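**Q** The structure's right below; bear with me while I get my questions together.
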Amino acid sequence: MDVRQQLVSDAVEMLARLESRSITQAPSVKTLDTVAYTDSAIFQQECQHIFRKIPLMLAASCELPAVGDYKTMEVAGIPILLTRGKDGQVRAFLNACTHRGSKLAHDCGHAARFTCPYHAWTFGLDGSLISVAARKAFGDVDAEASALIEFPTTERAGLIWAILDPAASPEFDTFLSGIDKLLEGFNFANWHYFESRSLSGANWKLAFDAHLDFYHLPVLHRNTFGNKISNLAEYFYYGPHQRLGLVSTDEHVLEQDDLASLAHQPQEEWPLDTLLFGEWIIFPNVSINCFYKGGRGVIISQIFPGRTAEESITVQMFLHEKKPEGELLHDARAMSDFLGHVVSEEDLPMSRDQQQVFASGLLPKVQLGRNEGGVQHFHHWLDLFVNAPARASLAEIMKG
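Residues in the sequence shown are numbered consecutively from 477, following this note's numbering.
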C-alpha cells in the first residue's frame with residue numbers, strides 16, 4: 477500500500493462529497509435482530525470468537541514509554557499485564573502467577589520485576605521465572621514451563637495490539653488490512669499520554685454502535701454539538717476497519733481538520749495532518765477522534781464487554797501531540813470533561829434505554845439505514861468472525 481496515495485485518494489473522494497453535500501449510500505436498508513444485544517449465548521460467542529481470537533488494540537505506546545512501565549487491564553474476563561521489557565519490546569501476559577494464579581500487579585506503574593503477593597514467586601519483565609521462595613522446601617520447578625503465559629503482541633503506529641490466545645497465529649498484517657500504516661501518520665509513539673477514564677454502559681455493541689454513525693449528532697447531541705451540525709457520514713473501508721468523514725465544511729469540527737481548504741492547494745502540498753481527517757474505527761471496539769482544544773489531541777475510545785450481555789465498559793484515553801501546559805492544560809482538561817460528559821450523559825443513557833426496550837422482547841428487529849453503512853459494515857464483519865469455523869484462520873475468515 478502506498479500510504480500517502482491512499483490518504484490522498486480518500487481526501488479527493490471526501491472533497492467531492494463536501495462539494496455535493498451527498499454521501500455514498502449503502503445498497504439497502506438492513507434489519508438486525510435485537511436478540512444480538514440481549515442473548516447470553518450470543519454474548520459468550522462474541523467473547524470467545526472476537527475478544528479471545530482476533531487482535532485487539534489494548535494500549536497506546538506512550539502509556540508505557542520506558543523500560544519497566546506496565547499497565548493492567550481486563551478484557552472479556554481475562555486479566556492482562558502489559559509491560560515494556562529491557563529490550564524495549566512490549567509484551568502482553570496473563571496477569572497471573574504460574575504457581576497458584578494470583579494477580580501479579582494492579583493498575584499501572586513501573587517495576588523492575590513482578591513478585592507475587594501470595595507466595596513471592598518473582599518474574600522478569602520478559603515473563604521468565606526468576607526465583608521461587610523457599611525453593612528447596614517447595615521442590616522441583618521447571619522454570620521454562622513456569623514462565624508467564626504470553627499472548628501474541630505487536631506494536632505499530634504507536635499502538636499496541638495483542639491476541640488473547642497464547643496459541644494463536646500472529647496474523648496481524650492480515651487482520652489490520654493496512655490501517656496501521658495509515659495511522660502511522662499520527663506518530664502516536666511520540667505523543668503525550670494525558671489521562672483515561674472508564675464509563676459503565678449497556679451491551680458493548682450498543683455502546684459501540686454510537687461511534688459508527690453521525691446520523692444522531694444533531695439530535696442526541698443538540699445541547700453539546702448544536703442542532704446545526706451535519707448528520708452525514710462518508711465511510712471509507714479497510715477490511716473490517718473503517719473511518720468516517722463528516723460531510724461538513726465547518727472549521728475544526730471534532731472529526732476533521734479544515735478538509736475543505738485542500739481544494740485550493742496542489743495535491744503534492746496537502747499536509748499530512750489534514751489527510752488524517754475523520755473518525756478512525758479499529759475493529760472490533762476502538763474509535764479514534766481528533767480534537768484541537770488544548771492543542772492537537774485525540775480521544776481513543778475502547779469499548780469492552782462487561783460481565784453479562786447487558787454490561788460494557790467504555791475506556792476514554794486522551795493523547796496530545798505535545799504535553800499541554802499553562803492555558804493549554806486548562807483547555808485540555810475542559811475538552812476531556814466535555815467529551816466525558818457527551819458519552820456518559822448522552823450516548824450511554826441512550827444505549828441503556830435501548831437495552832431495556834430490547835430486553836422486553838417486544839421489538840424483535842431494528843433497522844440500519846442506507847446512511848448508516850458503517851454500522852452495517854461492523855455487524856457484517858462481526859457475524860463473519862462469530863460464525864466462523866472454530867479452526868479457521870484469520871486469513872480464511874477475512875476472505876468471507
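Yeah, the Cβ is synthetic: ideal placement off N, Cα and C, and Gly gets one too. Values in this document were obtained by computation on a predicted structure and should not be read as measured data.
Closer than 7 angstroms by C-beta to Val818: which residues in its own chain qualify, once you throw out the five before and the five after it? Chain order, please.
**A** Contacts found: His697, Thr700.
**Q** Could you pull the start and end residues of the alpha helix (DSSP H) that Thr650 belongs to?
**A** Segment 648-652, the alpha helix (DSSP H) holding Thr650.
**Q** For a test of the three-state rule: what should DSSP assign to Asp689, helix, strand or coil?
**A** DSSP places Asp689 in coil when its eight states are reduced to three.
**Q** Taking the continuous beta strand (DSSP E) assigned at Pro531, which residues delimit it?
**A** No beta strand (DSSP E) contains Pro531, which DSSP labels as neither H nor E.
**Q** Secondary structure at Lys681, three-state DSSP: helix, strand or coil?
**A** Of the three classes helix, strand and coil, the one that applies to Lys681 here is helix, per DSSP.
**Q** Measure the beta-carbon distance from Val484 to Leu751 and round it to whole angstroms, keeping in mind my assumption that it falls under 8 angstroms.
**A** That pair is a contact at about 7 angstroms.
**Q** Among Phe759, Gly661, Gly876, Leu570, which one has its Cα closest to the Cα of Phe854?
**A** With distances taken between Cα atoms, Phe854 lies closest to Phe759.
**Q** Just to confirm, are Leu534 and Leu570 a CB contact at a threshold of 8 angstroms?
**A** Not a contact, by the Cβ cut-off of 8 angstroms.
**Q** Checking 8 angstroms against the spacing of the C-beta atoms, do Tyr691 and Leu795 come in under that value?
**A** No.
**Q** From this set, His575, Ser724, Ala638, which residue's C-alpha is nearest Ile499's C-alpha?
**A** Measuring from the Cα of Ile499, the nearest candidate turns out to be Ser724.
**Q** May I have the straight-line CA-CA distance separating Asp449 from Val488, to the nearest angstrom?
**A** The shown model of the chain, from 477 to 876, leaves out residue 449, and the question about it has no answer.
**Q** Between which two residues does the alpha helix (DSSP H) harbouring Ser516 extend?
**A** Element bounds for Ser516: 516-525.
**Q** Give me whichever residues DSSP pairs with Ala633 in a beta bridge.
**A** Its beta-bridge partners do not exist; DSSP assigns none.
**Q** If you draw a straight line from the C-alpha of Val762 to the C-alpha of Gly615, how long is it?
**A** Roughly 46 angstroms separates the two Cα atoms.
**Q** Between Gly845, Ile775, Asp509, Ile705, which has its C-alpha nearest Leu839's C-alpha?
**A** Nearest of Gly845, Ile775, Asp509, Ile705 to Leu839, Cα basis: Asp509.
**Q** Quick check on this structure: which residue in Lys875, Gly876, Ala871 has the alpha carbon closest to the alpha carbon of Ala644?
**A** Out of Lys875, Gly876, Ala871, Ala871 has the C-alpha closest to the C-alpha of Ala644.
**Q** Can you say whether Leu748 is buried or exposed, counting buried as having 16 or more other CB atoms within 10 angstroms of its CB?
**A** It is exposed - the Cβ of Leu748 has fewer than 16 other Cβ atoms within 10 Å.
**Q** Please go through the stretch 795-832 and give each complete alpha helix (DSSP H) segment of 4 or more residues, from N-terminal end onward.
**A** Whole alpha helix (DSSP H) segments, 4+ residues: 803-818.
**Q** Are Cys573 and Tyr594 close, meaning C-beta to C-beta below 8 angstroms?
**A** Yes, they are a contact pair.
**Q** Compute the Euclidean distance between the alpha carbons of Ser676 and Thr790, then round it to the nearest angstrom.
**A** Near 6 angstroms, if we compare the C-alpha coordinates of Thr790 and Ser676.
**Q** Keeping to the same chain, check which residues put their C-beta closer than 6 angstroms to that of Gly661; ignore five residues upstream and five downstream.
**A** Closer than 6 angstroms at the Cβ level, and outside the excluded window around Gly661, lie Leu748, Leu752.
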